[in-house]
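Report on the structure given below.
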Amino acid sequence: MAMATDVPKDSFRLSMLVYDTRYRSYTIQIVVLLLFAMAVAWLLNNTAQNLAARGKEFNFAFLWQRAGYDIGQQLIPYTNDSTHFRALLVGLINTLVVAFWGCIFATILGVIVGVLRLSHNWLISRMMTVYVETFRNIPLLLWILLSYVILSETTPQPRDFRVTDEMAAAGEAPAASMIFFDTVAVTNRGTNVPAPLFERGLGSVDLGFVTLNLTLLAALAVVAGSFWVNHRLVAAARAQQEATGVRPATWWKSILILFGPFIALMAALGFHLEVPELKGFNFTGGILVAHSFTALLIALTLYTAAFIAEIVRAGIQAISRGQSEAAFALGLRPNRTTRLIILPQALRVIIPPLISQYLNLTKNTSLGIAVSYLDLRGTLGGISLNQTGRELECMLLMMLIYLTISLIISAAMNLYNRSVQLKAR
Amino acid sequence: MKKTVFFGALAASTLVAGLAGAGTLDDVKARGELICGSNTGLTGFGAPDASGNWTGFDVDLCRAIAAAVLGDPTKVKFLPTTGETRFTALQSGEVDVLVRNSTWSFSRDSELALDFVAVNYYDGQGFMVKKDLGVSSAKELDGATVCIQTGTTTELNLADFFKQNNISYQPVTVADDSEAQRQYLAGACDAYTTDASGLAASRATMPDADTHIILPEIISKEPLGPAVRHGDNQWGDVVRWTFFALLVAEEKGVTSANVEEVATSTTDEEVKRLLGVSGEMGAKMGLDNDAFKRAIAAVGNYGEVYARNIGEGTTINLARGLNALWTQGGLQYAPPFR
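Residue numbers (UniProt numbering), protein chains in the order written: chain A, 1 to 425; chain B, 1 to 338.
Structure (structure tokens):
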């Protein structure tokens, strides 16, 4: 009697897919996957059929056609003869610029407010509470519109700056005047600031679709080089301090290294400022920072800073009081305690939610359409979409670009996060 | 023996999007209501009044279509659309017909797959400036800041005009007429440009209309007209011939006041066909024979619609100009009703 004949043969039956726990989870997963694939296929099929029914085809050739419209704020050369792709780039750069400055200002303001909210000063901490609760509980769009309306309705028109002959004869001052030693003019259209000009600039190199400004590159290279040399100087000073206990004076060397080469470069290139001047309808010369940009930046900063403040407060409160008490017991001064004990630990808690806020801010720049800020949403997703009628292509492309930007920010911040995590030794 | 459980096979139903098989005309009749894409609010052309009733030149054409198709000019739902959303609203079937100061152009006919069936207003793009700016010609606008509605043909014309004249400008792109007016009145832009009719309509609603002037240059052709989806020819014919019926009515002196009387007394064969007294004109289009008579009775002929909404004597105060009948030196010309 062999044992093998007694044991019922455990052959596979279809019912086991449902009743046998070994297989059930696979069954469920496969069914869900199939349903999901069918849903995707249905969507694609639906899209293709609807496109075919309207006689439209899916292609991106329109990106290389002449755009035909003008864009108010552009950081790379663009005319209405440029392509839709160029308009896309202009919009993308506008998006990135406002997102970049927004993240920086929001972080600075957020950290200050977050720390002040923990202040023992009753008035200051309550004021910060009011600020945080006001800004994070009212939709961002309203803040953008509000700051835009305030900027454009309370500032003078360009012609208020004009001095007519009669006024000059009567010795009257114009209704409005420029600020900062007559270099900056704030009108109801934007802020005219002086532009840096170079008598002996280095010119630029055209790389097909982007032009590299060599002057700017040279300036950046000099600044980066100065910082690197200064870093080496400080490191050398620290090494000497650790070896001998005496720290050599470095401050005047640092100042010389940080500013000397830059000033020399500026002098060599013949740096001067082009001050805006009222000519005809508007100020000409200098750089016009449109109010749409300023309003968007202010609103994004104030709104996101309220969230960041809460994140910072939570991060600081997550560190137990024992840590700072121990630091004080060791004789560390309060600012060193904050810098060396509290912040490094708080950053672990702060960074992950901060990434979400940066992503939010970047995506929220698309609300700039409300104040006519021509970012990616305004050019590719607005005017180009409208003039070419390629909704699907424009929307997909725009989603892809926002996704890419967000993933890049996320990846960069995750790298930084890894560097501030506690190192397990 | 263990009972075997059999799965019901997954019915891979062919989930194909049900494209509207029936034509728009049948849809409208079945729904009992016409959905008309209109302006978000342009006085004289299409705007709700204080009590929420839509009135205007374009609105009346919608009412005429509703009267012809459904027999009741009030059975219209007006869906406000911006320059950006209007064509998508039409293409996606959200509206049956778009009567919203939309310019007939090549690319809209071809790339956007729309059919402009008629021109109910011949227009051109102009500029409005404040009088105290001291400008008398659009060519003096070098360096000016110009407010422009996005998603319009005017946006492209503006760029072309300034380029041709070798002068520069700073565009301020706004979403709709009301935002453009706010910016213009606040002085955020020196000039506001859109169709000359739109400028006149905007000026009429401004608190101090006399301090604004419309510059003499007309920089483009803007034939404005009703648009329908490409490929639905029957519905396109209904919209087109309802409009032409209003034109023929003006040409023949048929008004909303005398339409009943003319229908019984007329000896003019074309008028008889127009009013459904003889022939089967309405039936050939899937409508009642007196469809066009109802349209005329509801809103009046083209001249009446024009005079009531935007003509001389109204606040908009637009002369007939190009929009006079061909018999009076204008461009409005209906093919024969035969």
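Ideal Cβ positions, reconstructed from N, Cα and C, are used throughout, including at glycine.
Legend: CB atoms of the stretch 200 to 233 of chain B lying less than 9 Å from CB atoms of chain A belong to residues Arg229, His230 and Gly231.
Rounded to the nearest whole angstrom, the CA to CA distance from Ala319(B) to Thr267(B) is 32 Å.
Non-local beta-carbon contacts of Pro48(B) in its own chain, meaning distances under 6 Å to residues more than five positions away in sequence, involve Trp54 in chain order. Cβ neighbours of His212(B) within its own chain (closer than 8 Å, five residues either side excluded): Met128, Val129, Lys130, Lys131, Arg203 and Met206. Taking C-beta atoms under 8 Å as the contact rule, Asp96(B) and Thr24(B) qualify, at a distance of about 5 Å. Leu224(B) sits away from Asp290(B), with the two beta carbons spaced by 9 Å or more.
With contacts defined by Cβ atoms closer than 9 Å, Asp109(B) and Thr154(B) do not form a contacting pair. Across the structure, Trp235(B) and Asp115(B) are spaced so that their CA atoms are roughly 11 Å apart. For Thr24(B), no CB of chain A lies under 9 Å from its own CB, so it is not counted at the interface with that chain. Membership of Glu111(B) in any beta strand (DSSP E) is not indicated, and neither H nor E is assigned to it by DSSP. Distance between Leu44(A) and Gln65(A), taken at the CA atoms: about 27 Å. Its Cα nearest to that of Arg313(A), the residue Ile112(A) stands out among Ile112(A), Leu332(A) and Asn335(A). With 16 or more other CB atoms across the displayed protein chains lying within 10 angstroms of its CB, Ile298(A) is buried. Taking a Cβ-Cβ cut-off of 7 Å, the neighbours of Ser372(A) in chain B comprise Val172, Thr173 and Val174, given in sequence order. Excluding residues up to 5 positions away in sequence, Arg66, Ala67, Gly68, Tyr69 and Asp70 lie with their Cβ nearer than 8 Å to the Cβ of Asn80(A) in the same chain. For the C-beta of Ser152(A), the chain B residues within less than 8 Å are, from N- to C-terminus, Gln183, Ala186 and Ala188.
A distance below 9 Å separates the beta carbons of Ile369(A) and Asp375(A).
The shortest CA-to-CA distance from Thr88(B) to any of Phe227(A), Leu385(A) and Leu109(A) is the one to Leu385(A). Distance from the CA of Val254(B) to the CA of Glu222(B), rounded to the nearest whole angstrom, comes to 29 Å. In this model, Pro139(A) and Val130(A) are separated by some 16 Å (Cα to Cα). Under DSSP, Trp54(B) shares a beta bridge with Pro48(B). With its beta carbon less than 9 Å from one in chain A, Arg108(B) belongs to the interface. Distance from the Cα of Ser177(A) is smallest, within the candidate group Ala169(A), Thr187(A) and Gly171(A), for Thr187(A).
Under the 9 Å criterion on CB atoms, Ile71(A) is classed as interfacial with respect to chain B. The CB of Asp142(B) comes closer than 7 Å to the CB of Gly280 in chain A, given here in chain order. Remark: C-beta atoms of Val174(B) and Ser147(A) do not approach each other more closely than 9 Å. Neighbours of Leu112(B) in chain A, taken as residues whose beta carbon is under 8 Å from its own, are Gly389 in chain order.
For Ala159(B), a Cβ of chain A is located within less than 9 Å of the residue's own Cβ. For Gly315(A), there is no enclosing beta strand (DSSP E); the residue is part of the alpha helix (DSSP H) that begins and ends at His291 to Gln317. Contact between the stretch 273 to 291 of chain A and the stretch 187 to 205 of chain A is present: three or more C-beta pairs spanning the two stretches fall below 8 Å. In this structure the stretch 255 to 274 of chain B does not lie against the stretch 322 to 335 of chain B, because fewer than three pairs of beta carbons, one per stretch, are closer than 8 Å.
Taking Glu280(B) as the centre and dropping the five residues before and after it, the same chain places the C-beta of Asn289 closer than 8 Å to its C-beta, in chain order. Taking a C-beta cut-off of 7 Å against chain A, the contacting residues of the stretch 127 to 151 of chain B are Asp142, Gly143, Ala144, Thr145, Thr150 and Gly151, listed in chain order.
Here the alpha carbons of Trp122(A) and Ala309(A) stand approximately 17 Å from one another.
The beta carbon of Thr55(B) does not come within 9 Å of any beta carbon belonging to chain A, so the residue lies off that interface.
In this structure, the alpha-carbon of Asn94(A) lies about 20 Å from that of Ser410(A).
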